[in-house]
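Data block below; observations after.
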Ligand code: COA
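Residue numbers (the numbering used here): 85 to 344.
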């Protein structure tokens, strides 16, 4: 796959997608959004890929936001369409049946913070900074930031970031539950790859259904969430991987999962 603004390579069942506009701190312009959509579509059909890591090129930024140049003087209709386009992409990321880990290697601001939040897991380098600075531009988040941030860190902390436009460092983001791990910059890629490989080693259908159960259940009352969980558990129970995993445990041997 060749892209103008993305680098893509595979490493042990893990697809690495790197947003590659370092001179613009990897800001998300129309082309990056379209290419991320294409890269995502390719993922769903490629069975050899079992997990994804998304990162940014260069030392400084994961993604420093949506490309501010594309917001100048646009109408309300164009603004709404721009937001919906980003939301469609980020929803597709969140709904991906393969886990996608954001390896946040620097600034994750605005659309970059929203992109990281759409991913299932986040690991950050110690120099990462997170925030939704849109109010400083007279704007507000439009790629899900006002919705995913309070769901991840709670209303008060989310409003603090949203209303001030301020940023937090990686350690604070970790304390707030926004990121799973913080590591030194030189360890970020290895940490993300190792985390992805841990997931690649287990049963892929079970992984997909865990993600679905959490995503669906968080929007439902507990009882309905549990009904959905039971339905998914039923589907999992009848898979070849469940037969293999339980048999391997009882026979004291490693399981060989096939995703069936
Ligand atoms: N959209 C478009 N271009 C951006 C960008 C964005 N979101 N973020 C950075 N860039 C560009 C800068 O314009 C600059 O381009 P230039 O060299 O052609 O002038 C280049 O990336 C480097 O950024 P610069 O501002 O010089 O780096 P810095 O280290 O001084 O500051 C930031 C880094 C992240 C603090 C600063 O770039 C910034 O505030 N960016 C915007 C963040 C934002 O508001 N995001 C939400 C957008 S909705």
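Ideal placement from N, C-alpha and C gives every residue a C-beta, glycine not left out.
Counting the other CB atoms within 10 Å of its CB gives residue 103 a total of 16 or more, which places it among the buried residues.
Where residue 139 is concerned, the enclosing beta strand (DSSP E) starts and stops at 135-140. Checking the 8 Å criterion, the Cβ of residue 108 is within range of a heavy atom belonging to the ligand COA. In this structure, residue 92 keeps its C-beta atom at 9 Å or more from the C-beta atom of residue 139. Closest option to residue 150, judged by alpha-carbon separation, among 119, 114 and 182: 114. Annotation: residue 105 is outside any alpha helix (DSSP H) and is labelled neither H nor E by DSSP. Taking a C-beta distance under 9 Å as the contact criterion, residue 263 and residue 206 qualify as a contact pair.
Taking 9 Å as the cut-off, the beta carbon of residue 283 is found closer than this to the beta carbon of residue 183.
Contiguous beta strand (DSSP E) elements confined to the region 259-317 occur at 265-267, taking only those with 3 or more residues.
Contact annotation: residue 120 and residue 112 have beta-carbon atoms nearer than 9 Å.
Contact check for residue 98 against residue 131 fails: the beta carbons are separated by 9 Å or more.
Under the Cβ criterion (8 Å, minimum of three pairs), the region 224-231 does not count as touching the region 290-301.
With respect to the 9 Å criterion, residue 255 and residue 237 are not classified as neighbours on the basis of their beta carbons.
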